[in-house]
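Just so you know, the sequences run in chain order A and B. Letter by letter, the first sequence follows residues 192 to 617 in this note's numbering. Letter by letter, the second sequence follows residues 70 to 387 in this note's numbering. Since the structure comes first, as structure tokens, the remarks are kept for the end.
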Amino acid sequence: MNIHIKNGRLIDPKNRVDTQQDVYIVERRIVAIGKAPQDFIAEQVIEAEGLIVMPGLVDVAARLREPGYEYRATLESEMNAAVAGGVTSLACPPDTDPPLDEPGLVEMLKRRARALNQARVFPIGALTYGLKGLELTEMIELTEAGCKAFSQADAPLTDTRVLMRAMQYAATFGYRVWLRPQDSFLAKNGVAHDGEVASRLGLPPIPVVAETIALTTALQLARETGVSLHICRISSAAGVELLRAAKREGLTVTCDVSMNHVHLTEMDIGYFDSNCHLMPPLRSGRDRAALRAGLLDGTIDAICSNHSPVDDDAKLLPFAEAEAGATGLELLLPLVLKWAQQESVPLLDALARITISPAQLLGQKMGHLSVGAHADICIFDPLTAWKVEPAALKSQGKNTPFNGYEMQGRVRYTLLDGQTVYESQL
Amino acid sequence: MNNPQLNKHGELQHLLSTEGLPVHIMRDILDRAATFLDEADGREFKKVPLLHGKSVFNVFFENSTRTRTTFEIAAKKLSADAVNLNIGSSSTSKGETLLDTVDNLCAMHADMFVVRHSSSGAAHLIARHVAPDIHVINAGDGRHAHPTQALLDMYTIRHYKKEFHNLRVAIVGDILHSRVARSQIHALTTLGVPEVRVIAPKTLLPSHVEKLGVQVYHDMTQGLRDVDVVMTLRLQNERMQGALLPSAQEFFKYYGLTQERLALAKPDAIVMHPGPMNRGVEIDSSVADGPQAVILPQVTFGVAVRMAVMSTLAGNTK
Numbered sequence: 192m193n194i195h196i197k198n199g200r201l202i203d204p205k206n207r208v209d210t211q212q213d214v215y216i217v218e219r220r221i222v223a224i225g226k227a228p229q230d231f232i233a234e235q236v237i238e239a240e241g242l243i244v245m246p247g248l249v250d251v252a253a254r255l256r257e258p259g260y261e262y263r264a265t266l267e268s269e270m271n272a273a274v275a276g277g278v279t280s281l282a283c284p285p286d287t288d289p290p291l292d293e294p295g296l297v298e299m300l301k302r303r304a305r306a307l308n309q310a311r312v313f314p315i316g317a318l319t320y321g322l323k324g325l326e327l328t329e330m331i332e333l334t335e336a337g338c339k340a341f342s343q344a345d346a347p348l349t350d351t352r353v354l355m356r357a358m359q360y361a362a363t364f365g366y367r368v369w370l371r372p373q374d375s376f377l378a379k380n381g382v383a384h385d386g387e388v389a390s391r392l393g394l395p396p397i398p399v400v401a402e403t404i405a406l407t408t409a410l411q412l413a414r415e416t417g418v419s420l421h422i423c424r425i426s427s428a429a430g431v432e433l434l435r436a437a438k439r440e441g442l443t444v445t446c447d448v449s450m451n452h453v454h455l456t457e458m459d460i461g462y463f464d465s466n467c468h469l470m471p472p473l474r475s476g477r478d479r480a481a482l483r484a485g486l487l488d489g490t491i492d493a494i495c496s497n498h499s500p501v502d503d504d505a506k507l508l509p510f511a512e513a514e515a516g517a518t519g520l521e522l523l524l525p526l527v528l529k530w531a532q533q534e535s536v537p538l539l540d541a542l543a544r545i546t547i548s549p550a551q552l553l554g555q556k557m558g559h560l561s562v563g564a565h566a567d568i569c570i571f572d573p574l575t576a577w578k579v580e581p582a583a584l585k586s587q588g589k590n591t592p593f594n595g596y597e598m599q600g601r602v603r604y605t606l607l608d609g610q611t612v613y614e615s616q617l
Numbered sequence: 070m071n072n073p074q075l076n077k078h079g080e081l082q083h084l085l086s087t088e089g090l091p092v093h094i095m096r097d098i099l100d101r102a103a104t105f106l107d108e109a110d111g112r113e114f115k116k117v118p119l120l121h122g123k124s125v126f127n128v129f130f131e132n133s134t135r136t137r138t139t140f141e142i143a144a145k146k147l148s149a150d151a152v153n154l155n156i157g158s159s160s161t162s163k164g165e166t167l168l169d170t171v172d173n174l175c176a177m178h179a180d181m182f183v184v185r186h187s188s189s190g191a192a193h194l195i196a197r198h199v200a201p202d203i204h205v206i207n208a209g210d211g212r213h214a215h216p217t218q219a220l221l222d223m224y225t226i227r228h229y230k231k232e233f234h235n236l237r238v239a240i241v242g243d244i245l246h247s248r249v250a251r252s253q254i255h256a257l258t259t260l261g262v263p264e265v266r267v268i269a270p271k272t273l274l275p276s277h278v279e280k281l282g283v284q285v286y287h288d289m290t291q292g293l294r295d296v297d298v299v300m301t302l303r304l305q306n307e308r309m310q311g312a313l314l315p316s317a318q319e320f321f322k323y324y325g326l327t328q329e330r331l332a333l334a335k336p337d338a339i340v341m342h343p344g345p346m347n348r349g350v351e352i353d354s355s356v357a358d359g360p361q362a363v364i365l366p367q368v369t370f371g372v373a374v375r376m377a378v379m380s381t382l383a384g385n386t387k
């Protein structure tokens with residue numbers, strides 16, 4: 192279909208564009224920006240006056256819960272949530288049941304996702320079989336099936352020799368290794384940041400050194416093996432500092448942070464709010480400030496939703512027994528906008544963290560609005576104020592620590608490959 | 070954030086923790102407890118009809134003999150119907166969730182729940198869940214809180230020391246895993262004790278413990294000097310060896326309360342223990358049975374304090 196997006200404010204971080212310009216789409220691609228091409232006849236005009244037109248969001252961590260956890264969420268429900276949040280590409284961690292350690296599983300997931308035709312799904316393959324941390328997966332086969340990187344998700348990899356071998360093997364073929372740094376011995380049974388709140392509430396703690404020790408190990412092994420390393424969900428000030436130094440030194444390392452950690456701290460646990468039971472745990476105010484500083488100076492490349500829908504029964508338990516995780520796909524954009532407003536970050540820089548930067552982490556060409564690019568586009572109203580009401584979320588997971596928060600900025604249209612896959616009810 | 074223990078009139082709706090418990094409510098409970106004890110010797114309980122027709126469910130997801138029994142006696146002295154449930158051995162092992170169990174008990178017309186659970190925050194979860202006319206008393210949740218124990222300890226201290234504002238109190242032992250210690254610290258600081266000390270090796274102290282308003286000691290000789298009250302804690306069997314402590318013997322050697330160490334405290338210092346004691350681990354028998362120990366009176370006062378808590382709650386409705 193030929194689509195004319197008219198009178199919108201175009202923000203394209205990759206091309207450093209922030210100006211009022213029209214976008215012209217023919218079939219699946221953007222054919223012109225600014226001036227209509229000759230003979231262009233629009234079949235659909237999207238009136239975008241007062242709206243912001245940006246590349247579709249790229250989320251490097253969204254659990255879709257398939258296969259294995261369909262009672263928590265299904266591909267249908269979560270893809271609906273994705274496009275309602277303006278997310279057109281997402282990477283899903285391998286901690287499904289069974290884990291994404293077989294090419295057949297990855298192909299099935301890709302096929303199911305493609306059939307729904309809502310957002311592009313990029314599976315992250317398991318680094319070891321069953322995420323058990325013992326044997327390497329068939330990374331070549333998995334890559335051919337569609338995996339974009341290899342990860343242990345939140346599963347421990349305690350044997351450093353296996354980790355080193357995995358990195359060497361991945362480095363041989365230029366595959367990326369994604370790790371969430373957490374020493375499993377120091378974090379054992381832990382559910383909250385080892386700080387004032389956990390001490391007061393008597394919650395089993397996870398100290399910051401659990402992150403920095405694992406991170407130091409990962410960085411040292413990356414230096415040794417030359418692997419392209421991505422650090423997932425950094426949570427502490429000390430962790431940010433280690434990454435800053437590693438980047439300064441020229442190591443090939445990248446990093447993301449979850450939107451939860453950009454906004455919340457251990458204090459939000461209040462009286463045992465299990466919606467704030469997250470992995471990694473919410474840390475101190477000082478840590479949050481350092482994460483924000485890391486985003487500003489580029490130490491942290493991307494912000495992700497770390498979307499992890501959990502069913503109500505698994506949250507209606509005492510804090511430590513409740514399952515970790517929060518829904519997030521529909522809150523990623525407004526929370527990035529909120530952060531940008533609070534820290535006076537120009538939208539061009541803020542939106543880069545959820546478009547071009549994460550696309551590069553996945554080694555993909557999307558995340559921008561250049562002529563010739565696939566028309567994956569998010570159009571949102573920056574002035575619409577709304578309140579987070581779990582029941583109104585499209586995601587099957589209603590669990591969010593942002594329940595009742597006032598947000599500003601709401602998605603009006605989401606386009607995937609030149610097709611309108613979401614349009615909000617006014 | 071609303072204080073989950075108080076109703077909209079600022080009265081006690083549930084007793085979940087001594088943290089955030091207003092000082093006047095704490096003092097009222099102690100005063101009321103005194104009225105349940107015979108004035109002559111302070112040992113006999115009066116039977117009163119304050120909870121007549123009410124059902125008190127003692128729901129213990131974790132084993133306990135002493136605490137459950139004192140709650141049961143307290144409920145009966147208040148003329149309530151007391152029902153004891155040891156859930157640890159029934160429903161949850163069949164897969165029933167905590168709140169399903171609670172819903173079932175509510176359907177049996179419980180008026181008050183006394184809850185013990187191995188997970189921190191369990192009592193808060195139940196209090197949030199039940200109907201507004203039901204009261205919840207936390208009888209111990211994980212490492213978090215054991216408010217009635219702390220209140221009976223405060224009663225004991227007041228009984229022997231009369232005032233709080235001139236005291237120096239030391240808490241000795243496994244602070245890290247102790248809900249009793251956390252509740253004691255909040256109660257002592259709320260009641261105006263100017264100096265609360267904790268004494269333990271670093272492996273048995275939570276991080277940032279000083280933010281709770283205590284002074285940290287690792288050495289018994291320094292920590293016990295000139296204190297008015299020594300509160301010892303039970304060292305759980307499973308903590309006695311492994312990565313936290315090398316052995317019970319070594320713990321006793323450096324942190325056990327012996328006569329020699331107690332001599333460093335003030336001559337009229339009292340010694341407390343929440344029970345059950347490990348003689349020869351955290352406390353020497355000569356101290357436990359000695360003239361400064363007030364461990365058995367603590368148990369007696371515990372019944373009166375629990376009567377006071379239950380009757381206070383029953384008098385408050387949302």
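Just so you know, even glycine gets a beta-carbon here, dropped at the ideal spot from N, CA and C. Please read these numbers as outputs of a predicted model, since none were measured by experiment.
At a C-beta separation below 9 Å, residue 166 of chain B has these neighbours in chain A: 504, 507, 508. Non-local C-beta neighbours of residue 354 of chain A in its own chain, meaning closer than 7 Å and more than five positions away in sequence, comprise 348, 412, ordered along the chain. For residue 290 of chain A, not one C-beta of chain B is nearer than 8 Å to its own C-beta.
Contact annotation: residue 189 of chain B and residue 511 of chain A have beta-carbon atoms nearer than 8 Å.
Buried is the label assigned to residue 205 of chain A, since at least 16 other Cβ atoms lie within 10 Å of its Cβ. Under a 10 Å Cβ-count criterion, residue 132 of chain B is classified as exposed, with fewer than 16 other Cβ atoms of the shown protein chains found around its own Cβ. Look at the segment 161-235 of chain B and you find these whole runs of beta strand (DSSP E), each 3 residues long or longer: 181-186, 204-210. A Cβ of chain B is located within less than 8 Å of the beta carbon of residue 387 of chain A. When rounded, the separation of the alpha-carbon atoms in residue 292 of chain A and residue 283 of chain A is 13 Å.
Under the 8 Å criterion on CB atoms, residue 390 of chain A is classed as interfacial with respect to chain B. The C-beta of residue 211 of chain B comes closer than 8 Å to at least one C-beta of chain A. Judged by pairs of C-beta atoms under 8 Å, the segment 360-369 of chain A does not touch the segment 475-488 of chain A, as fewer than three such pairs exist. Within the same chain, Cβ atoms closer than 8 Å to the Cβ of residue 175 of chain B are found at 199, 200, 203, the five residues on either side in sequence being excluded. Counting the other CB atoms within 10 Å of its CB gives residue 262 of chain A a total below 16, which places it among the exposed residues.
Using a CB distance cut-off of 8 Å, residue 393 of chain A counts as an interface residue toward chain B. Across the set B/317, B/292, B/295, B/312, the C-alpha of B/317 shows the shortest separation from the C-alpha of residue 304 of chain B. For residue 153 of chain B, the enclosing beta strand (DSSP E) covers residues 150-155. The beta carbon of residue 313 of chain A sits no closer than 8 Å to any beta carbon of chain B. For the pair residue 500 of chain A and residue 264 of chain A, the CB atoms are nearer than the 8 Å cut-off. Residue 356 of chain B: member of the alpha helix (DSSP H) spanning 354-357, first to last residue. For residue 404 of chain A, the enclosing alpha helix (DSSP H) has its first and last residue at 399-416.
Taking a Cβ-Cβ threshold of 8 Å, the residues of chain B close to residue 463 of chain A are 189, 190, 193, 194, in chain order.
Counted as a single uninterrupted DSSP element, the beta strand (DSSP E) harbouring residue 597 of chain A occupies residues 597-607. Scanning A/193, A/218, A/246 for the CA closest to the CA of residue 550 of chain A turns up A/246. Interface annotation, residue 457 of chain A: not in contact with chain B, CB-CB separation never under 8 Å. One alpha carbon belongs to residue 372 of chain B, the other to residue 238 of chain B, and they sit about 23 Å apart.
In this structure, the beta-carbon distance from residue 127 of chain B to residue 151 of chain B falls below 8 Å.
Annotation for residue 93 of chain B: the continuous alpha helix (DSSP H) segment containing it runs 92-104. Here the segment 328-347 of chain B lies against the segment 293-302 of chain B, with 3 or more beta-carbon pairs under 8 Å apart.
Secondary structure at residue 247 of chain A: coil, using DSSP grouped into helix, strand and coil.
Within 7 Å of the CB of residue 304 of chain B, no CB atom of chain A is found; the nearest one sits about 17 Å away.
Scanning the segment 292-353 of chain B for uninterrupted alpha helix (DSSP H) segments of 4 residues or longer gives 317-324, 328-331, listed from N- to C-terminal end. Excluding the 5 residues flanking it on each side, residue 405 of chain A has same chain C-beta neighbours closer than 7 Å at 372, 373, 374, in chain order.
Under the three-state reduction of DSSP output, residue 235 of chain A falls in the strand class. The C-alpha of residue 187 of chain B is placed about 31 Å away from the C-alpha of residue 479 of chain A. Only 275, 276, 277, 278, 280, 281 from the segment 262-282 of chain B bring a Cβ to less than 8 Å from some Cβ of chain A.
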